[in-house]
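*Asks:* The working numbering puts the first residue of the sequence shown at 653, with every later residue one more than the last.
In this text, a Cβ means the ideal position worked out from N, Cα and C, and glycines have one as well.
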Amino acid sequence: MPEKLIIFPFGGNARESLITISAINKIGVEWEIVGFIDDDSSSWGKECCGVKVLGGKEVLKNVEEASILAIPGNPDNYLKRKDIIKRLDIDNSRFATIIHPSVSVSNDSSIGYNTIIMPNVIISCGVKIGKHCIILPNSVVAHDSIIGDYCCIGSNVTISGNVTIGTRCYIGSGTSIRDSIKIDGKTLVGIGSNVVSDITESVVVAGNPAKIVRKVL
653 MPEKLIIFPF GGNARESLIT ISAINKIGVE WEIVGFIDDD SSSWGKECCG
703 VKVLGGKEVL KNVEEASILA IPGNPDNYLK RKDIIKRLDI DNSRFATIIH
753 PSVSVSNDSS IGYNTIIMPN VIISCGVKIG KHCIILPNSV VAHDSIIGDY
803 CCIGSNVTIS GNVTIGTRCY IGSGTSIRDS IKIDGKTLVG IGSNVVSDIT
853 ESVVVAGNPA KIVRKVL
């Protein structure tokens, strides 16, 4: 029997997650998507690919057997992801982990719950990915790198070996990070940046090489 799944919220990441879930189900039906939920009542009743927005978080009490994929996150709200997910007020055992079949994952890597990894990502040996993370398509995480909880990794990102990314970071699409770099938590790296030195405070950086734009408030 496929496992029931509710997706939160009705945003871009959640709608794109349908691609990954569909690919999984084509190999063997693992997930039955019950629907989306969203705090914004104006989205209720809308749908994507035949999957409807059922209502707000109260839906979770009506479908207690369903797993949850909670993947809010964009450059504007990435710092609030932890609080947004916490407000769902559900047991951690209900969170799903979703990995596209095309993803290459080393046997000695680890991936936390409520993390989604989208198509054509490479997770190399010794990598540790935290819980509540999003990794968008075509990104590479090289050997022994660590990605903290509540991180968003954009598409076409290259994370070289032995990199450490702190919690609640947002790494913009097309970013390259040199080997052995350490990035402090709550940092936002702008799209297309090249990170070649440690980022030791919570800041917004951008450029080639990446330079501090402002501190994170």
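Give the straight-line distance between the Cα atoms of T839 and S828, rounded to the nearest whole angstrom.
*Replies:* Along the sequence shown, read from residue 1 onward, the residue named residue 839 stands at position 187. Along the sequence shown, read from residue 1 onward, the residue named residue 828 stands at position 176. If I take the Cα positions, the gap works out to 15 Å.
*Asks:* Starting from V711, trace the alpha helix (DSSP H) both ways and give me its first and last residue.
*Replies:* Locating residue 711 in the sequence shown gives position 59, counting from the first residue. Segment 711-714, the alpha helix (DSSP H) holding V711.
*Asks:* In the DSSP output, what is F660 paired with across the bridge?
*Replies:* By one-based count along the sequence shown, residue 660 stands at place 8. DSSP, once it has assigned bridges, lists A722 as partnering F660.
*Asks:* Measuring alpha carbon to alpha carbon, tell me which residue in V779, N744, P654 is nearest K678.
*Replies:* If you number the sequence shown from 1, residue 678 lands on position 26. Out of V779, N744, P654, P654 has the C-alpha closest to the C-alpha of K678.
*Asks:* Indicate the three-state DSSP secondary structure (helix, strand or coil) for K834 in the structure shown.
*Replies:* Position 182 of the sequence shown, counting from 1, holds the residue named residue 834. Strand at K834.
*Asks:* In this structure, does DSSP put Y822 in helix, strand or coil?
*Replies:* Position 170 of the sequence shown, counting from 1, holds the residue named residue 822. DSSP places Y822 in strand when its eight states are reduced to three.
*Asks:* Name the two residues that bound the continuous beta strand (DSSP E) containing K738.
*Replies:* Translated into the one-based positions of the sequence shown, residue 738 becomes position 86. No beta strand (DSSP E) contains K738, which is instead part of the alpha helix (DSSP H) from 733-738.
*Asks:* Does the Cβ-Cβ distance between V841 and V847 come in under 8 Å?
*Replies:* Indexing the sequence shown from 1 puts residue 841 at position 189. Indexing the sequence shown from 1 puts residue 847 at position 195. The answer is yes: Cβ separation under 8 Å.
*Asks:* Would the beta-carbon of K656 fall within 8 Å of that of V705?
*Replies:* Locating residue 656 in the sequence shown gives position 4, where the first residue counts as 1. Locating residue 705 in the sequence shown gives position 53, where the first residue counts as 1. Going by C-beta atoms, K656 is not nearer than 8 Å to V705.
*Asks:* If C777 and D760 are in contact, beta carbons under 8 Å, what's the gap, nearest whole angstrom?
*Replies:* Within the sequence shown, numbered from 1, the residue matching residue 777 stands at position 125. Within the sequence shown, numbered from 1, the residue matching residue 760 stands at position 108. Yes, C777 and D760 are in contact; Cβ-Cβ is about 6 Å, under 8 Å.
*Asks:* Hey, how far is the Cα of K834 from the Cα of H795?
*Replies:* Counted from its first residue, the sequence shown places residue 834 at position 182. Counted from its first residue, the sequence shown places residue 795 at position 143. Spanning the two alpha carbons is a distance of roughly 14 Å.
*Asks:* Going by the DSSP bridge assignment, what does I671 pair with across the sheet?
*Replies:* As a working mapping, residue 671 is identified with position 19 in the sequence shown. Partner(s): none; I671 has no beta bridge.
*Asks:* Quick check on this structure: which residue in C804, D743, R830, L712 has the alpha carbon closest to the alpha carbon of I769?
*Replies:* For the purposes of this step, residue 769 is identified with residue 117 of the sequence shown, where counting begins at 1. Out of C804, D743, R830, L712, C804 has the C-alpha closest to the C-alpha of I769.
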